[in-house]
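S.K.: Residue numbers (full-length UniProt numbering): 1 to 138.
Just so it is clear, CB atoms sit at the ideal spot from N, CA and C, and this is done for glycine as well.
(1) Look up residue 82 in the DSSP assignment and say whether it is helix, strand or coil.
(2) Taking only three categories from DSSP, how would you classify residue 98?
(3) Could you pull the start and end residues of the alpha helix (DSSP H) that residue 127 belongs to?
(4) In chain order, what are the residue ranges of uninterrupted alpha helix (DSSP H) at least 4 long that sit wholly in the segment 11 to 78?
(5) Check whether the segment 76 to 88 touches the segment 39 to 49, taking contact to mean three or more Cβ pairs, one atom from each stretch, closer than 8 Å.
(6) As a quick exercise: from 110, 133, 126, pick the residue whose alpha carbon is nearest that of residue 102.
(7) If you draw a straight line from the C-alpha of residue 57 to the C-alpha of residue 96, how long is it?
(8) Could you check if residue 50 is buried or exposed, using at least 16 other CB atoms within 10 Å of its CB as the buried criterion?
(9) Buried or exposed: residue 116, going by 16 or more other Cβ atoms within 10 Å of its Cβ?
(10) I'd like to confirm something about residue 71: is its beta-carbon nearer than 6 Å to some heavy atom of the ligand SAM, or not?
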C-alpha cells in the first residue's frame, strides 16, 4: 500500500468518526432540548401547585368560620343523643362532645370517667373548658 492510499484511508476513517460524532452531538442536542422543555413544564406545574396551595391557605380561615357558624353552641341546640361538634365559648374550632337528649329531659353534655384511668379527670377549669380526651374512646 502506498503512502497516498494510507492517507486517504486515514482521512476516510477520520471523516467517518466526525460524521458519527456530529450525529451523536445532534442526538444529544435534541435530548437536551426535550429535557429543557420538560424542565420548563415541571417548573410551570410547580408554580401552579404553589399558587393553588397559597389560594387554599387563604380559604382555610373562611372554611373554619363557616364550620363555626354551622356548629351548635350547646347540647340544647341538638336533637338526638350522640356525638356532635359544639362551638363552646367561641373557641377557635368546634369540639366533638357527647350530648344526652333523653335523661332528665335531655340537653346534657356528658362528662365521663375512663374505666381504665388512662385519662385523668383531676384538671383545672381551663382544661375542662377547652376539652380533653376523645369522646369516642372507651
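M.R.: In this structure, then:
(1) For this step, residue 82 is matched to residue 82 along the chain shown. Of the three classes helix, strand and coil, the one that applies to residue 82 here is strand, per DSSP.
(2) Translated into positions along the chain shown, residue 98 becomes position 98. Of the three classes helix, strand and coil, the one that applies to residue 98 here is strand, per DSSP.
(3) As a first step, residue 127 is located in the chain shown; it is residue number 127 there, counting from the start. For residue 127, the enclosing alpha helix (DSSP H) starts and ends at 125 to 130.
(4) Segments of the alpha helix (DSSP H) lying fully in the segment 11 to 78: there are none.
(5) Contact between the segment 76 to 88 and the segment 39 to 49 is absent: fewer than three C-beta pairs spanning the two stretches fall below 8 Å.
(6) As a first step, residue 102 must be located in the chain shown, where it is residue number 102. When only C-alpha atoms are compared, the closest one is 110.
(7) Position 57 of the chain shown, counted from the start, is the residue given in the question as residue 57. Position 96 of the chain shown, counted from the start, is the residue given in the question as residue 96. One C-alpha to the other measures close to 24 Å.
(8) What you label residue 50 is simply residue 50 of the chain shown in a count that begins at 1. Residue 50 is exposed by the Cβ-count criterion.
(9) As a first step, residue 116 must be located in the chain shown, where it is residue number 116. Exposed, since its Cβ has fewer than 16 Cβ neighbours within 10 Å.
(10) Summarising the ligand content, the structure contains no ligands, and the ligand SAM is consequently not present.
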